[in-house]
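K.L.:
Here you go, one structure.
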Amino acid sequence: MISADGQQEGAEAGKATNSKEPTIPLAKPGTPLDDYARFDYVALEQRAKSYKEMFPHEVTVTVSAEANIPMQSLLFTMDALAGRECKLARALKGEAVPANCYFWQPVVEAGAG
1 MISADGQQEG AEAGKATNSK EPTIPLAKPG TPLDDYARFD YVALEQRAKS
51 YKEMFPHEVT VTVSAEANIP MQSLLFTMDA LAGRECKLAR ALKGEAVPAN
101 CYFWQPVVEA GAG
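According to full-length UniProt numbering, the residues represented by the sequence shown are 1 to 113, in order.
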């Protein structure tokens, strides 16, 4: 599950809206958890981009996953939320944060639901 400024995506957020499915479908349903391409990181990044348009000054996102989700999947998730093309080196030296950087300050919480 991900959330930013009160917005949520993921299995638990879907359940809150009377749904048993994640709000972003799996890219490869039925594949094992260690198939890192099973999650749709492109769709997640597009969703992050749309939230960034609604909340342009927000940079923090909360990420939560069940204990059985591999660390690599969590890293791919954080990359998608930040924007896979996001480069912050110049921003850290005082320049503006690039427009293709979405939620680049993740807060990782233990276990969803």
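For every residue, glycine included, the Cβ atom is placed at its ideal position computed from N, Cα and C.
Nearest CA to the CA of Leu44: which residue from Leu33, Arg90 and Arg84?
P.N.:
Arg84
K.L.:
Find out if the Cβ-Cβ distance for the pair Ser73, Tyr36 is shorter than 8 Å.
P.N.:
Contact: yes.
K.L.:
Note down the Cα distance separating Met54 from Gly30, rounded to an integer number of angstroms.
P.N.:
33 Å
K.L.:
Between the Cα of Cys86 and the Cα atoms of Phe76, Val97, Glu109 and Thr77, which residue gives the shortest distance?
P.N.:
Val97
K.L.:
Could you give the residue range of the alpha helix (DSSP H) that holds Thr77?
P.N.:
Counting along the chain, the alpha helix (DSSP H) containing Thr77 begins and ends at Met71 to Ala82.
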